[in-house]
Amino acid sequence: MKKFLVIGNPIEHSLSPKLHNYWIRSNGIDAIYEKQKLDEGELEQVILQIKKKKIDGANVTVPFKKAVIPFLDELTVEAQKTQSVNTLYLKNNNVIGHNTDIIGFETSIEMSEYNVLNKEVLILGAGGVVPSIIFALKKMKASKIKISNRTKEKAKNLKNFFKDIEIIEWGNVPNFDMIINATSLGLKKEDNLNLDFSSVSGNKFFYDVIYNPNETNFLKIGKKLGNKTLNGKLMFVYQALSAFNIWHKQKPDVNEDVIKLLNK
Ligand code: ATR
1 MKKFLVIGNP IEHSLSPKLH NYWIRSNGID AIYEKQKLDE GELEQVILQI KKKKIDGANV
61 TVPFKKAVIP FLDELTVEAQ KTQSVNTLYL KNNNVIGHNT DIIGFETSIE MSEYNVLNKE
121 VLILGAGGVV PSIIFALKKM KASKIKISNR TKEKAKNLKN FFKDIEIIEW GNVPNFDMII
181 NATSLGLKKE DNLNLDFSSV SGNKFFYDVI YNPNETNFLK IGKKLGNKTL NGKLMFVYQA
241 LSAFNIWHKQ KPDVNEDVIK LLNK
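If you use our numbering, the sequence shown corresponds to residues 1 to 264, in order.
Written out as structure tokens, the structure reads:
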């Protein structure tokens with residue numbers, strides 16, 4: 001039986017095992033997908049287990065997406081450009097680090113039938129997932145990417161990797177076609193970004209990377225103002241699908257059962 005893992009800290013709330021095990025079962029694959037809470041010092045050990053084929057693949061989540069890089073043999077272009085790894089696999093006895101958050105984000109936008117081409121996009125936040133979002137938006141040919149983060153220094157760091165992004169002072173809301181909340185704020189009950197959206201007209205796209213809760217205050221505000229909204233559930237599903245495809249060479253179904261599974 002093949003063994004897969006998601007590693008992170010904390011890890012209790014990860015829905016990856018639920019989703020992967022559902023797909024493993026429905027595709028009749030002899031495998032199991034488990035979660036493991038780690039300390040940073042244990043990362044190397046997990047990579048060794050992949051190398052020795054004791055583990056057949058792994059997902060990496062917060063806070064190790066960057067920390068895992070020094071232990072890997074090779075990075076894909078996506079992982080290299082974002083310095084963010086969420087999927088590990090063995091190829092020719094080398095442990096490869098890949099980033100499927102990019103394709104996850106991109107597919108979620110495609111599925112929602114929004115066209116990013118020539119759109120101005122404002123990203124709130126500068127945390128771990130943001131380089132993947134910028135990479136995907138550039139691939140989809142957004143005309144302008146603006147970043148606003150409470151701690152300006154972190155937004156400035158991103159500019160070292162992505163030269164043409166524009167930094168916006170936290171608290172200001174410039175023109176945008178699409179706005180992405182990539183802060184962790186929506187995870188809390190009292191999630192007020194304290195941004196003034198009153199001048200935003202109702203034909204924008206409000207996207208929140210968070211999917212639990214289903215609708216953050218940010219999305220509620222966007223909806224109330226008459227905008228299109230989407231949470232991060234599809235991004236999560238499609239990053240998992242891409243990893244599944246790499247490991248099992250099968251493309252699982254994204255049906256209503258899958259979405260329901262994640263609502264529980
Ligand atoms: P990391 O930085 O470790 O990758 P993250 O959870 O991916 O963490 O990112 C958290 C993001 O949410 C950051 O952009 C953070 O802003 P800071 O860089 O200023 O910390 C943002 N964030 C969290 N709480 C916030 C709040 N109350 N108001 C505004 N932004 C907040």
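A virtual CB, placed ideally from N, CA and C, is assigned to each residue, including glycine. If you're wondering where the values come from, they're calculated on a predicted model, not measured in any experiment.
ask   = To the nearest angstrom, how far is it from the Cα of Ser262 to the Cα of Glu42?
value = In the sequence as displayed, the identity of residue 262 is Leu instead of Ser. One C-alpha to the other measures close to 29 Å.
ask   = Which of the three DSSP states, helix, strand or coil, is assigned to Thr76?
value = coil
ask   = Any idea if Leu193 is buried or exposed, counting beta-carbon neighbours within 10 angstroms, 16 or more meaning buried?
value = buried
message = As a quick exercise: from Ile47, Ala126, Ser112, pick the residue whose alpha carbon is nearest that of Thr82.
response = Ala126
ask   = Helix, strand or coil for Met235 per DSSP?
value = helix
key: Cα-Cα separation, Lys54 to Leu90   = 11 Å
query = Which of helix, strand or coil does DSSP assign to Gln36?
reply = strand
request  = Rounded to whole angstroms, what's the CA-CA distance from Asp164 to Ile7? Just pull it up for me.
outcome  = 33 Å
ask   = Tell me which same chain residues have a C-beta within less than 6 Å of the C-beta of Tyr114, skipping the five on either side of it?
value = Phe205
Proximity to Met111 [Cα-Cα], best of Glu12, Ala243, Gly232 = Gly232
query = What do you get for Met1, buried or exposed, if any count of 16 or more other CB atoms within 10 angstroms of its CB means buried?
reply = exposed
query = Hey, out of Phe105, Lys119, Met140, whose CA is closest to Val130's CA?
reply = Phe105
query = What separation, rounded to the nearest whole angstrom, lies between the Cα atoms of Lys249 and Asn27?
reply = 11 Å
task = Give every residue of the same chain whose Cβ lies closer than 6 Å to the Cβ of Asn94, excluding the five residues on either side of it in the sequence, and list them in chain order.
result = Asp73, Glu74
ask   = Thinking just about the alpha-carbon of each residue, which of Ser132, Ile133, Leu122, Asn21 is nearest to the one in Lys146?
value = Leu122
inquiry  = I'd like the span of the alpha helix (DSSP H) that includes Ser112, first residue to last.
reply    = Run containing Ser112: none; DSSP gives neither H nor E here.
task = Note the first and the last residue of the continuous beta strand (DSSP E) segment covering Glu120.
result = 120 to 124
query = Going by alpha carbons, who is nearest to Ile179 out of Ile109, Trp247, Lys154?
reply = Ile109
task = Report yes if the C-beta distance between Ile32 and Lys3 is below 9 Å; otherwise report no.
result = yes
ask   = Since Lys220 is in the alpha helix (DSSP H), which residue starts that stretch and which ends it?
value = 217 to 224
C-beta atoms of Asn203 and Asn175 nearer than 9 Å = no
message = In the DSSP output, which residue or residues are listed as bridge partners for Ile7?
response = Gln36, Val60
request  = Compute every distance between the C-beta of Pro63 and the non-hydrogen atoms of the ligand ATR, then say whether any falls below 8 Å.
outcome  = yes
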